[in-house]
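Number of protein chains: 2
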Amino acid sequence: MRYCNRCGADVSFIVPAGDSLPRFVCNSCGHIHYENPRLVVGCVATWEERILICRRAIEPQLGFWTLPAGFMENGETTTEAATRETMEEAGAKIIVDAPFAMVSIAHINQVHLFYRGRLASPDYAAGEESLEVALVAANEIPWNELAFRSVRHCLERFLEDRASGRFQFHETALTPLASTP
Amino acid sequence: MRYCNRCGADVSFIVPAGDSLPRFVCNSCGHIHYENPRLVVGCVATWEERILICRRAIEPQLGFWTLPAGFMENGETTTEAATRETMEEAGAKIIVDAPFAMVSIAHINQVHLFYRGRLASPDYAAGEESLEVALVAANEIPWNELAFRSVRHCLERFLEDRASGRFQFHETALTPLASTP
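Protein chains in written order, with the UniProt record's numbering: chain R, 1 to 181; chain C, 1 to 181.
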């Protein structure tokens, strides 16, 4: 960030009076540009025993499999975000049951929130951001071709909870993968 | 938003190619300025049976009581945000137990997330954003002087769950209050 989005003047990265962290502050009008983590909201949705997954048509992780999910938009609730993303990416209408997993990923300033839900019908179709969409049984999940660690976490907890007969709400945090020498 | 924060040129509020919602897009460099909901994270923290509350020293709702909570910062987890906010606003060190309540407030582009936790010791002190801090019993909660509806929701669910002996994770959405004629 180099310019104030209110007046167009230069900004400086400084700690505002009364604050404890540096922010981009306009050198002319004084406007403070806060930057905050973003919510990525999605759903592990099932039809009978099968789970809805999408193969990504966009970067990052193009070609890898994921759960339908995306950035929450202004003006919607978390439930609405999960429902919209599942329709956009997988062409599937869902009934949302409950929040299921929340994953903080501090190094990329994101919080991933997954609901669990059910397809209203066995209809689905790849949206613009998906190469293909599938309903897979537990033993068909492409574990080695999953796009994101948060998706793996969510699927693992989902299968465990389903096997135990009791769904809970799961929270965790991911740290950067160790770099290999 | 009037100016691009990368190049300083004018922006237009238009639907970018491949998108479905209008965004502020730079007329010169094409940078898209996304705006997304913000997470407000806090804690209902107890010492023995008493609940930690703060009286706000800042707007909005100056002078009203709230749970320690504030905007999540980049680079932290949700648990870290709850811990930091409780230290900043109430001078109290907490042990976080579990996520407790999540409240979508679409009309102000916020999601409020409350943990439940316990004070590590009965020490607390008003931070810069608080006029005073108190540990109150259930029958001392100032219901008519609470700052926010999400705080009321959280406190009501907390007392119900504590009475029932079983804490759950609660999710809800708030809509604008009806205007009175």
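The beta carbon of each residue, even a glycine, is placed where N, CA and C say it ideally should be.
Bridge pairing for R/Y115: R/C43 and R/P99 [DSSP]. Neighbours of C/F71 in chain R, taken as residues at a C-beta separation under 8 angstroms, are given in chain order as Y34 and N36.
When only Cα atoms are considered, R/P122 and R/I94 end up about 10 angstroms apart.
Linking C/N5 to C/P22 through their CA atoms gives a straight-line distance of about 18 angstroms.
Among the residues of chain C, those whose CB is under 7 angstroms from the CB of R/N74 are E35, N36, P37 and N109, following chain order.
DSSP lists R/S104 as the beta-bridge partner residues of R/A173. Contact between the region 120-137 of chain R and the region 97-112 of chain R is absent: fewer than three C-beta pairs spanning the two stretches fall below 8 angstroms. When only Cα atoms are considered, C/C43 and C/R118 end up about 9 angstroms apart. Rounded to the nearest whole angstrom, the C-alpha separation of R/H107 and C/W65 is 33 angstroms. Per DSSP, R/S12 lies in no alpha helix (DSSP H) segment; the continuous beta strand (DSSP E) that holds it begins and ends at V11 to I14. Annotated three-state conformation of R/L62 is coil, per DSSP. For C/P176, the closest C-alpha among the options C/Y124, C/L146, C/Q110 and C/R166 is that of C/Q110. Residue-level contact by beta carbon holds for R/Y3 and chain C, with a gap shorter than 8 angstroms.
At a C-beta separation below 7 angstroms, C/T77 has these neighbours in chain R: S104, A106 and A173.
Collapsing the DSSP output to three states places C/E132 in a strand. Take the alpha-carbon of R/A57 and the one of C/R157: they are about 42 angstroms apart.
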